[in-house]
Every structure is written in structure tokens, then in C-alpha cells.
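Going by full-length UniProt numbering, the sequence shown opens with residue 1, and the numbers climb by one from there.
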Amino acid sequence: MKVYTKTGDKGTTALFGGTRVPKDHIRIDSYGTVDELNSHIGLIRDQEMDSHYKTILIEIQDRLFTVGAILATPQEKEILKNGELRLKNLGIIDTDIELLENEIDKMEESLPPMTHFVLPGGHQTVSYCHIARCVCRRAERLAVHLSHNEHVPEIAIMYLNRLSDYLFVLARKLSSDLKAEEVKWIPRK
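Dropping the structure here:
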């Protein structure tokens, strides 16, 4: 199988199920941003950190492939001709969101309460987390935008929302673990 197909040379691409749409379609932008997020999370995972975080990040990357598949599938193509679900055995479920919430709660137990806004930075790994958080928020916004006109399962949007929270708390936790300086944002008077 060749990497290049030449089928997109005129600015269109195929969704799951074969429907062709322009490459700048909101659905493509939405799952493309999830793919970008997945790459940023891979960059975080490549950093020196506790193996537990790496295990969770691998799980998140796996779930993001699922979110991407969900976003790449128009509602009319969710069911195959034989009546089976196209994404059978794929999906985001409540326990995926609960995993993120539990991890957030565990990390926050060892962190001081938030009393101020934090400027991104302090350590390269922490900065990667903040970049991923911002990309995650963009992916969420795009999925919400897509949902205004096409079916997007609510749980996929919920997952992206919770993931951005997880990435924020992970950045704070890694700042603490790495003894990085957390710089407070101080508004002008």
C-alpha cells in the first residue's frame, strides 16, 4: 500500500464511509486538530517523567484516535449496510472521562490550591503540557462548532473538555515534580 493516493490532489478528502468533502471542511479541521493534539501528547510522553504519567498519556492517545474516528464519521455513515456499527468496539465511554477525573483528583491532592493564574512555562515539559492544553481547547471548540450543524456525540466533546483540564493539572503537577518556577500572572493596577 502506497502512502500517497493522489485522491486529494484537488483539495478533497474522504471521510469514514467514503463521503468526499473539501479539506477545509469543519469536520476535517476538527479531527485534524485532534490528530495534532495527539502528536503534542506524544511529545509530552517523550519527556522524562514518572512512568505512571506516561501510561496515562498512552491511554489518552489511544482514546484520541477514537475521538478522531468519531469526528471523521458522518452520522449517515455510522451504520454499515449489514446493519452493524461502523465504529463497533470503538467509542468514548463514561469510564474514559472518569479516568481523567480520577487522575486530576489524585494530582490535585498534592498541589496547593489555585489562588492565581499561572503563566505557561517554567520548564520545557510543562510548556509542552500548556501547548497541548491549548490545542485541546481548540479541538473542543471545533467539535462544538461541528455539532451545531452535524451530529457529534456529546461524550466526545465532554472528553476533550476534561482532557484540557487534565493537561492543565498535569502541567501544574509536573511543575511541582520538576521543581520548576510557577510564575503568577499579576494584572496591572
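Don't be surprised by glycine CBs; every beta carbon is placed ideally from N, CA and C.
Ends of the alpha helix (DSSP H) at residue i?
i    : result
H145 : 124 to 147
Y166 : 154 to 177
Skipping 5 residues on each side, what residues in its chain have a beta carbon closer than 8 Å to that of residue i?
i           : result
residue 198 : In the structure displayed, the chain extends from 1 to 189; residue 198 sits before or after that span and is not available.
H40         : Y128, I131, A132, V135
N38         : Q61, L64, F65, G68
L99         : I56, E59
N149        : I26
Q75         : E150, H151
Could you check what DSSP says for residue i in three-state terms: helix, strand or coil?
i    : result
L111 : coil
L90  : coil
K184 : strand
Under 7 Å Cβ to Cβ from residue i, same chain only, skipping five residues before and after it: list those, please.
i    : result
I26  : L142, H145, L146
E182 : V118, G122, S175
Can you give me the Cβ contacts of residue i inside the same chain, cut-off strictly under 6 Å, excluding the 5 residues immediately before and after it?
i    : result
V152 : A143, L146
R172 : L111
D94  : none
inquiry  = If we require 3 or more residues per run, which beta strand (DSSP E) segments fall completely within the segment 11 to 82?
reply    = 12 to 14, 20 to 22
Inter-stretch contact at 8 Å, needing at least 3 Cβ pairs: the segment 3 to 11 / the segment 103 to 120 = no
ask   = Three or more beta-carbon pairs under 8 Å between the segment 120 to 127 and the segment 52 to 59, yes or no?
value = no
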